[in-house]
Ligand code: 6LW
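In this note's numbering, the protein residues as written are 501 to 1018.
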């Protein structure tokens, strides 16, 4: 089985590559249990939600599943806007049990889940009506009190088994004077202090990490004189928007930080297309304050043996009864619209009469995790209309669509939707292909981040390009929001069968300018 390791930069024994979890995996929260590490990320409008990863070395991570994989855990009504739904989680281990606390900003507010096995199943949601705001953290003090801390930064004591809260939320810190959006709080007991770690400055280019400390879990807290202890604001470093961090001890007892960052490409202002990704940085302590090391694409390896990087198969041939956890869908995935049981070895998608412009499109996709990559799928359009698409949201997507006697490339950019190219559809199943080529230096001020080439494969396998499209219009700087590109299969009308789906990284190359757009 052909495969690739997750990072597309070759590693040497003395280095590792960042992001350690590429693609739209923001707001990482990590916990250590013995020699094992577990990490959770936000997932917004996608179902299933809250992707979970496992590692033994903090560098190589294997996708375990999604904590919220039942509609009773994750309600995303049809009117859930893109980038709403599930915001930042916190993942912790206490009293032999894993705890996951997060916010469904579209339905339910702050919710708490627990399990003894992080691979699942996770519990039904415990609602926390007394907990306000987003980015909830959960921590226990020496007396067994459970403290929930949220953006702002406010704190309230809760019963994690019932969701009951005690007293009113108390503001315990407002972050650095003048800095906006003190959020992503995490509370830790380290040595003689309780530390309160936060993000501030907003999750864009001014993002940063600050910290304060106190002698008790509910403060008062003294800000670190060196705040922000991490930021890339005002630099030309290749990793930007660094923030929303969580601290964790390595296998040798040293300290490390998992955080989110972005990798802008192209000219000004720089365009990031993969969303906010998870990075790893070293931490040392000076005068009982953390000092965070560099956050770079290639990093010195930590001082312990690295596990072999997971080999991810290129092809999913839909041979299993359940879809692999890498597959996500906007808002829901009704069994009658998405199944691998109807045509063995094929994924069958049933359209609901809606295109990718609508919130209830039948779409099954996976995060784009590489700046240059190729996606292919073999689809049978005999009974319906559907295809291969890359989406940021309902107003920003590129589709290769087959059905009704035609294959066409559709570009949706904000209020504009156009058929960029089309040609008659030959009989029988078709291989649809999308190739993404990142723009590499040298670039001029108006360069975009990448070029997407969309088309079909001829019977002899040659790639018949139908369109070359600018990637900037599928970037967060254009579309806005908190997610990143998701590439996948969809059905608009009728029934469409997909035999297999290939996703693989490509060497970063510069392609000639697109035939449309800039
Ligand atoms: C999240 C907040 C943030 O709740 O963005 O980068 C929000 N930080 O902490 C959505 O990811």
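Note that CB positions come from ideal geometry on N, CA and C, so glycine has one too.
Apart from sequence neighbours up to five positions away, the residues of its chain that approach residue 845 with a beta-carbon distance below 8 angstroms are 817, 818, 819 and 999, ordered along the chain.
If one requires a minimum length of 4 residues, no alpha helix (DSSP H) run lies completely within the stretch 681–767. By the criterion of a C-beta distance shorter than 6 angstroms, residue 555 is surrounded in its chain by 537 and 561, once the five residues flanking it on both sides are discounted. Spanning the alpha carbons of residue 574 and residue 786 requires a straight line of approximately 42 angstroms.
The stretch 744–761 makes no contact with the stretch 655–665: fewer than 3 CB pairs, one atom from each, lie closer than 8 angstroms. The closest heavy atom of ligand 1 lies 8 angstroms or more from the beta carbon of residue 963.
As for any beta strand (DSSP E) of minimum length 3 sitting wholly inside the stretch 558–603, the runs are 562–568 and 590–594, ordered along the chain. Judged by their CB atoms, residue 633 and residue 652 are nearer to each other than the 9 angstroms cut-off. For residue 576, the closest of 588, 894, 547 and 988 by C-alpha to C-alpha distance is 547. Beta-bridge partners assigned by DSSP to residue 777: 761. Contact annotation: residue 972 and residue 949 have beta-carbon atoms nearer than 9 angstroms.
In this structure, residue 878 keeps its C-beta atom at 9 angstroms or more from the C-beta atom of residue 559. Within 10 angstroms of the beta-carbon of residue 617 lie fewer than 16 other beta-carbons, which makes it exposed. Assignment of beta-bridge partners to residue 937 by DSSP yields 951. As DSSP reads the structure, residue 656 sits in a beta bridge with 648. Taking a 10 Å sphere around the C-beta of residue 578, we find fewer than 16 other C-beta atoms and assign the residue as exposed. If you check the C-beta of residue 779 against ligand 1, you find no heavy atom less than 8 angstroms away. Looking at the DSSP output, residue 541 bridges to nothing. For residue 901, the uninterrupted beta strand (DSSP E) run begins and ends at 896–903, by DSSP. Counting C-beta pairs with one atom in each stretch, the stretch 947–965 and the stretch 828–848 have fewer than three that are closer than 8 angstroms, which means they do not touch. According to the DSSP assignment, residue 875 belongs to the beta strand (DSSP E) that extends over 873–880. The stretch 886–893 makes no contact with the stretch 915–926, as fewer than three CB pairs between them are under 8 angstroms. Between residue 712 and residue 721, the alpha-carbon positions lie close to 6 angstroms from each other.
With the criterion CB distance below 7 angstroms from any heavy atom of ligand 1, the matching residues run 526, 527, 542, 587, 588, 634, 635, 651, 683, 684, 699, 703, 707, 743, 744, 760, 776 and 982 along the chain. In the three-state DSSP reduction, residue 661 falls in the coil class, being neither helix nor strand. Remark: C-beta atoms of residue 792 and residue 782 approach each other more closely than 9 angstroms.
Looking at the DSSP output, residue 554 shares a beta bridge with 538 and 562. In the DSSP assignment, no residue is bridged to residue 807. Close CB contacts of residue 762 within its chain, under the 6 angstroms cut and outside five residues either way in sequence, are with 740, 741, 772 and 776 (chain order). For residue 978, the enclosing alpha helix (DSSP H) has its first and last residue at 976–979.
Comparing C-alpha distances from residue 535 to each of 640, 557 and 847 shows the shortest one belongs to 557. Closest by C-alpha distance to residue 644, out of 628, 630, 661 and 797, is 661. Excluding its 5 nearest sequence neighbours in each direction, residue 913 has C-beta neighbours in its own chain below 7 angstroms: 896 and 973, listed in chain order. Our two residues, residue 868 and residue 929, have alpha carbons roughly 25 angstroms apart in a direct line. It is roughly 6 angstroms from the alpha-carbon of residue 863 to the alpha-carbon of residue 989.
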